[in-house]
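What follows is one structure encoded as structure tokens, with my remarks underneath.
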Amino acid sequence: MKQIKQKVDLVVKKNRIEIKIEKVKGSEDLPLPISTSEFSSGVDLLSAEVSETVLHPGKIKLISTGIKIMIPKGYEGQIRPRSGLALKRGITILNTPGTIDSDYRGIVKVILINLGEEEF
Numbered sequence: 001m002k003q004i005k006q007k008v009d010l011v012v013k014k015n016r017i018e019i020k021i022e023k024v025k026g027s028e029d030l031p032l033p034i035s036t037s038e039f040s041s042g043v044d045l046l047s048a049e050v051s052e053t054v055l056h057p058g059k060i061k062l063i064s065t066g067i068k069i070m071i072p073k074g075y076e077g078q079i080r081p082r083s084g085l086a087l088k089r090g091i092t093i094l095n096t097p098g099t100i101d102s103d104y105r106g107i108v109k110v111i112l113i114n115l116g117e118e119e120f
């Protein structure tokens, strides 16, 4: 996947650290991760999948976010499931919490599993 030139600085300013986010080609129109409330402990990631993705009950899918995250040395990013999706639909992250190491520069992807009884 080819990287695009657009770089987006500073999405989260927690504990005075700077996190840089870069959108990859094909994800230019995707909104950046944002906090959903003033006191959120993190940000919501969105799917960058270009085709409609269906997650069948009992199945696992690797979902691209379409972004690369540059985390400062000494820190890590964590990918955690949304409690509402887990409770209402049975959708969770297989390797929770997923870890984004400070030296990882690839596209952030999330391993989802459907533990529910319906397609998602």
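Start counting the sequence shown at 1; every next residue gets the next number (full-length UniProt numbering). Heads up, the beta-carbon is just placed ideally off N, CA and C, and yes, glycines get one too. From a predicted model like this one, the values you see are computed outputs, not experimental measurements.
For residue i, which option in the options has the closest C-alpha, if you only look at C-alpha atoms?
i, options, result
"N95", "K88, G84, L85, K109", "K109"
"I107", "S83, N114, P81, A48", "A48"
"residue 150", "V54, I67, H56, G77", "Nothing about residue 150 can be reported from this structure: the residues present for the chain run from 1 to 120 only."
"K23", "R105, E117, G77, N114", "R105"
"G90", "S64, T99, I63, H56", "H56"
Could you give the distance in angstroms between the alpha-carbon of residue i and the alpha-carbon of residue j?
i, j, result
"S27", "D44", "16 Å"
"I21", "S102", "13 Å"
"P97", "R82", "11 Å"
"L85", "T92", "7 Å"
"P72", "G58", "36 Å"
"L87", "S35", "21 Å"
"G116", "I69", "30 Å"
Assuming the contact rule is C-beta atoms closer than 8 Å, residue i and residue j should be a hit. Round their C-beta distance to whole Å, please.
i, j, result
"I79", "L112", "That belief does not hold up - the Cβ atoms of I79 and L112 are roughly 10 Å apart, past 8 Å."
Mind checking whether the beta-carbon of residue i lies closer than 7 Å to any heavy atom of the ligand FMN?
i, result
"T53", "By its list of ligands, the structure shown contains no ligand whatsoever, and the ligand FMN lies outside what it can speak to."
Report task. At 4 residues or longer, and completely inside the UniProt domain "dUTPase-like" (32-120): list those alpha helix (DSSP H) runs for me, N to C. Result -> 83-89
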